[in-house]
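*Asks:* If you scroll down you'll find the structure; I have some questions about it.
In this note's numbering, the protein residues as written are 15 to 164.
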């Protein structure tokens with residue numbers, strides 16, 4: 015497999031998964047450290063399609079305009095003759111600043127609470143009594159969440 019073939023497969027994988035570890039790339043494509051460095055340079059610096067996360071993960075940020083895998087030059091539209099009353103337009107040069115990721119990472123804390131044997135308990139109690147038990151449980155959980163012990 016050529017470098018370009020492997021690079022195309024890595025890009026397809028990144029597009030699909032959004033992120034992939036360098037270790038997984040090594041295993042999947044049987045790459046050595048030098049090859050991984052070449053992939054990083056190509057995707058992160060040359061094509062700006064991905065970013066590095068903690069020297070372990072390659073994260074997809076999307077294609078920049080005009081970037082593709084094809085080595086053929088882009089197709090140019092034929093210039094149209096100017097209309098009689100056309101005013102000259104001002105052309106703004108394309109921005110060379112790197113694109114910011116479209117998504118934002120945030121830290122999230124998740125807590126899972128469970129009322130043990132709640133299914134069995136629901137079959138043993140009247141619905142009103144079970145509702146009171148569940149409400150008391152929810153109140154205790156809410157108190158623990160908003161007023162944790164020091």
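Note that CB positions come from ideal geometry on N, CA and C, so glycine has one too.
So does the stretch 147-160 actually touch the stretch 50-69, counting three or more Cβ pairs closer than 8 Å?
*Replies:* No, they do not touch.
*Asks:* Can you pull the DSSP bridge partners for residue 64?
*Replies:* The sequence position of residue 64 within the chain shown is 50, counting from 1. DSSP, once it has assigned bridges, lists 74 as partnering residue 64.
*Asks:* Just checking my contact of residue 134 with residue 73 at CB under 8 Å: how many whole Å lie between their CB atoms?
*Replies:* Taking the first residue of the chain shown as 1, we reach residue 134 at position 120. Taking the first residue of the chain shown as 1, we reach residue 73 at position 59. About 45 Å; that fails the 8 Å criterion.
*Asks:* Out of 46, 47, 53, which one is the CA nearest neighbour of residue 23?
*Replies:* Taking the first residue of the chain shown as position 1, residue 23 is located at position 9. The option with the nearest alpha carbon to residue 23 is 53.
*Asks:* Taking all protein chains shown into account, do 16 or more other C-beta atoms lie within 10 angstroms of the C-beta of residue 87, making it buried, or fewer, making it exposed?
*Replies:* Against the chain shown, residue 87 aligns to sequence position 73. Caution applies to residue 87, whose pLDDT of 42 falls short of 50 and renders its modelled position unreliable; the value that the coordinates give is listed next. Residue 87 comes out exposed.
*Asks:* Contact check, residue 39 vs residue 50 under 8 Å by CB: the rounded distance?
*Replies:* Taking the chain shown and counting its residues from 1, one reaches residue 39 at position 25. Taking the chain shown and counting its residues from 1, one reaches residue 50 at position 36. So it is a contact: roughly 6 Å between Cβ atoms.
*Asks:* Which whole-angstrom value is the C-beta distance of residue 139 and residue 147, which I expect to be below 8 Å?
*Replies:* Here residue 139 is taken as the residue at index 125 of the chain shown, counted from 1. Here residue 147 is taken as the residue at index 133 of the chain shown, counted from 1. With 8 Å as the limit, residue 139 and residue 147 qualify as a contact, their Cβ atoms being about 7 Å apart.
*Asks:* How is residue 120 classed by DSSP in three states: helix, strand or coil?
*Replies:* If you number the chain shown from 1, residue 120 lands on position 106. Here residue 120 sits in coil by DSSP.
*Asks:* Starting from the C-beta of residue 116, find all residues in its chain whose C-beta is less than 8 Å away, skip the five residues before and the five after it, and write them out in chain order.
*Replies:* Sequence index remark: in the chain shown, residue 116 carries index 102 (1-based). Same-chain partners within the cutoff: 75, 76.
*Asks:* According to DSSP, simplified to helix, strand and coil, what is residue 53?
*Replies:* Locating residue 53 in the chain shown gives position 39, counting from the first residue. Here residue 53 sits in helix by DSSP.
*Asks:* Distance check for residue 143 and residue 43, CA to CA, integer angstroms please.
*Replies:* The count along the chain shown starts at 1 and reaches residue 43 at position 29. The count along the chain shown starts at 1 and reaches residue 143 at position 129. Distance between the alpha carbons of residue 43 and residue 143 is about 59 Å.
*Asks:* Take the Cβ of residue 125 as the centre, count every other Cβ of all protein chains shown within 10 Å, and call the residue buried at 16 or more, exposed below.
*Replies:* Along the chain shown, read from residue 1 onward, the residue named residue 125 stands at position 111. Its Cβ having fewer than 16 others within 10 Å, residue 125 is exposed.
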